[in-house]
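Asks:
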Amino acid sequence: ELRSVTIPESITVIGEYAFSHCSNLKSLYIPSSVTDILAFTFSSCISLESVNIPDSVVKVGREAFRDCTSIVDIKLPKGLEVISFRLLHRALNLKTIIIPDSVKIIEESAFQRTGLTFIKFGRSVQEIQSFGFANNFFLTNITLPRSLKVIGHNSFLASSLGEIIIPLGVETIDTQAFAF
-4 ELRSVTIPES ITVIGEYAFS HCSNLKSLYI PSSVTDILAF TFSSCISLES
46 VNIPDSVVKV GREAFRDCTS IVDIKLPKGL EVISFRLLHR ALNLKTIIIP
96 DSVKIIEESA FQRTGLTFIK FGRSVQEIQS FGFANNFFLT NITLPRSLKV
146 IGHNSFLASS LGEIIIPLGV ETIDTQAFAF
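In the working numbering, the protein residues as written are -4 to 175.
Right, here's the structure in full:
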């Protein structure tokens, strides 16, 4: 029946599966002492609606917020360089995401099957891996960053994009990157 979590300033790492499947968890406070959120930490917390990850966090592990279907707002930390595998997979109520300027790689399926309608890419994104933003049926418009070099296979599969301008620096557009 865990509904609220306040993590104390003495914590620097939140371990794997620490709060996974806490289906009633709605409120979460992560202090600026935290530097790492490991894999699956908050996965399947289906009542969690808003997350503010402090800028002290440099790593957010794979699937840390997977199947958090109620998330409507998440602030990613400014120093994050990699958005990990399936980080927000099935965040069905997430409409907007702002990718920090520090992010270079968006790993496989990071934002697959969300409710995204708007993405603001940071200035350093170089690679969007396979299925990165696939199955975002309400995504109609994106502006890809000039830093982008690789668009992985099925990156935007089954979205509703109306127009795409590929930046000049893109070197690879993989199989079915924009297929419907």
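Heads up, the beta-carbon is just placed ideally off N, CA and C, and yes, glycines get one too.
Using CA atoms only, rank isn't needed, just tell me which of 129, 170, 122, 134 is closest to residue 164.
Replies: Comparing Cα-Cα distances from residue 164 to each of 129, 170, 122, 134, the minimum goes to 122.
Asks: Do you know how far the Cα of residue 158 is from the Cα of residue 100?
Replies: Residue 100 and residue 158: Cα-Cα distance of roughly 23 Å.
Asks: Suppose contacts are defined by Cβ-Cβ distances below 8 Å. Is residue 104 in contact with residue 133 by that definition?
Replies: For residue 104 and residue 133, no; Cβs fall outside 8 Å.
Asks: State the start and end residues of the unbroken beta strand (DSSP E) segment that holds residue 23.
Replies: First-last of the beta strand (DSSP E) with residue 23: 22 to 24.
Asks: Can you tell which of 7, 98, 109 has its C-alpha closest to the C-alpha of residue 118?
Replies: That would be 98, whose Cα lies nearest to the Cα of residue 118.
Asks: Straight-line CA distance for residue 3 to residue 28?
Replies: About 8 Å.
Asks: In chain order, which continuous runs of the beta strand (DSSP E) of length 3 or greater are located wholly inside the segment 82 to 127?
Replies: List check, beta strand (DSSP E) in window: 91 to 93, 113 to 115.
Asks: Which residue or residues does DSSP assign as beta-bridge partners of residue 161?
Replies: Paired residues: none, contrary to the question.
Asks: Tell me the DSSP secondary structure of residue 19 in three-state form.
Replies: Looking at residue 19 - three-state DSSP - the assignment turns out to be coil, as it is neither helix nor strand.
Asks: In the DSSP assignment, find the unbroken beta strand (DSSP E) run with residue 73 in it and report its ends.
Replies: Neither: residue 73 is in no beta strand (DSSP E) and is coded neither H nor E.
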